[in-house]
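Single-structure report; data block below.
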Amino acid sequence: MPVSEQGVTNDRYMVIPRTAIFPRRGDAYLLIKGAPNKRLWANKYNGLGGHVERGEDILSAAGRELLEETGYTGERFVATGCYSPNPASHTNLVHCFLAAEVARTHDPHPDDNEHLEVVLMPLAEAIDLAKRGGFVQAMHVATLFFALAALGRIH
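See the structure below:
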């Protein structure tokens, strides 16, 4: 999203808070896959997350995004890191979470423009996918990195 669409004005600082979630269920992790007929990034994987809505705290936004996009909820969310993915052109700040022991409790309700397939993937496969460029956005690779650090898999 260009700065012109983010509500940035010259008379104040503004940061657009976002969430990125790496949900865990046993030894598998939840990812979303673009539909094969999607115009951009067909069959590519992405992590989960989105904008924090006005009046919403960051943790609640992470839980809401997980539920909306996948129909899953998590028992525990652990904050794993925070970063600005593209500070030269955007004012967004991404807050990352590892969601423990997620379970499908509802039907997903993605936005109309989101054509998603929910995929449970073993961690080793998710790491390999990231190495091969299988994620659409680098911010989800960063979220994976923070999750690996939180899990003690990297130092």
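All letters in the sequence shown, in the order written, are residues 40 to 194 by the numbering used here.
Built from N, CA and C at the ideal position, the CB exists for glycine as well.
Predicted model only: the values in this text are computed from it and were never measured.
- [ ] Can you grab the Cα-Cα spacing for the pair residue 131 / residue 65, in whole Å?
- [x] 31 Å
- [ ] List the DSSP bridge partners of residue 134.
- [x] For residue 134, which the question treats as bridged, DSSP gives the partners 58, 121.
- [ ] Pick out whichever of 167, 106, 188 has its Cα sitting closest to the Cα of residue 148.
- [x] Nearest option by C-alpha distance: 106.
Task: Extent of the continuous beta strand (DSSP E) to which residue 160 belongs - done: 155 to 161
- [ ] Please state if the CB of residue 138 and the CB of residue 101 are separated by a distance shorter than 9 Å.
- [x] Yes, the pair counts as a contact, with Cβ atoms nearer than the cut-off.
TODO: Please name the residue in 184, 156, 176, 159 whose C-alpha comes closest to that of residue 166.
DONE: 184
Task: residue 79, buried or exposed, once every other Cβ within 10 Å from all chains shown has been counted against 16 - done: exposed
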